[in-house]
């Protein structure tokens, strides 16, 4: 592969957003996502150009190719028997399905039965409020807590974030329990020398 080809395939964050900035291109990723077969050794069934185009209801082949081409080698793999979703494409679809860019669940000062670790006072659950932004927090109403937070009228004993899909079917207490498990896994990973959000040391 030439240096020019490598440069063309290099996907910066700016290019990634530009490539995905059209509903037809996202629709292509979702259609290929539907072909996944997690219970089979071969996880996906390739779709031919014609089948993929027809599944989206597009008649103009050149117009469809205009949107498909930027996805190939970046989010979509072109195999001999058709197109399949690359791991990068799966991550995009997973983030959208998880509600990372669209959904928002709000808990506003919901009383908690967990006493403050510092003073033993009353704590409340908060999530996506003006004080916590995109975070879930346990806030003490009676002391400064374990650490402060910008804009808080009480202080924090825990803050963390989960994708909205993790909150839709849970009440604040259940969300806290799920969060507690996630944080413990992150700590264990860090102790072992691996950054939880980065696959490497």
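Numbering (the working numbering), first residue to last: 61 to 261.
Glycine included, every Cβ here is placed at the ideal spot set by N, Cα and C.
Keep in mind it's a predicted model, so treat the numbers as computed, not measured.
- Going by beta carbons, residue 189 and residue 173 fall outside the 8 angstroms limit.
- Residue 88: not part of any beta strand (DSSP E); member of the alpha helix (DSSP H) spanning 83-93, first to last residue.
- Beyond the five residues adjoining it in sequence on each side, residue 111 comes within less than 8 angstroms, by CB distance, of 142 in the same chain, given in chain order.
- Comparing alpha-carbon positions, the option among 238, 148, 151 and 113 lying closest to residue 88 turns out to be 113.
- Around residue 170, the same chain offers 184, 185, 186 and 232 as residues with beta carbons nearer than 8 angstroms, after the five sequence neighbours per side are excluded.
- If you compare the alpha carbons of 120, 234, 147 and 118 with that of residue 132, the shortest gap goes to 147.
- Approximately 15 angstroms separates the beta-carbon atoms of residue 93 and residue 128; this is outside 8 angstroms, ruling out the contact.
- Counting along the chain, residue 113 sits inside the alpha helix (DSSP H) bounded by residues 109-115.
- Across the structure, residue 153 and residue 236 are spaced so that their CA atoms are roughly 26 angstroms apart.
- Distance check between residue 125 and each of 109, 134, 96 and 181 places 109 closest, using alpha-carbon atoms only.
- Closest option to residue 95, judged by alpha-carbon separation, among 85, 86, 107 and 84: 107.
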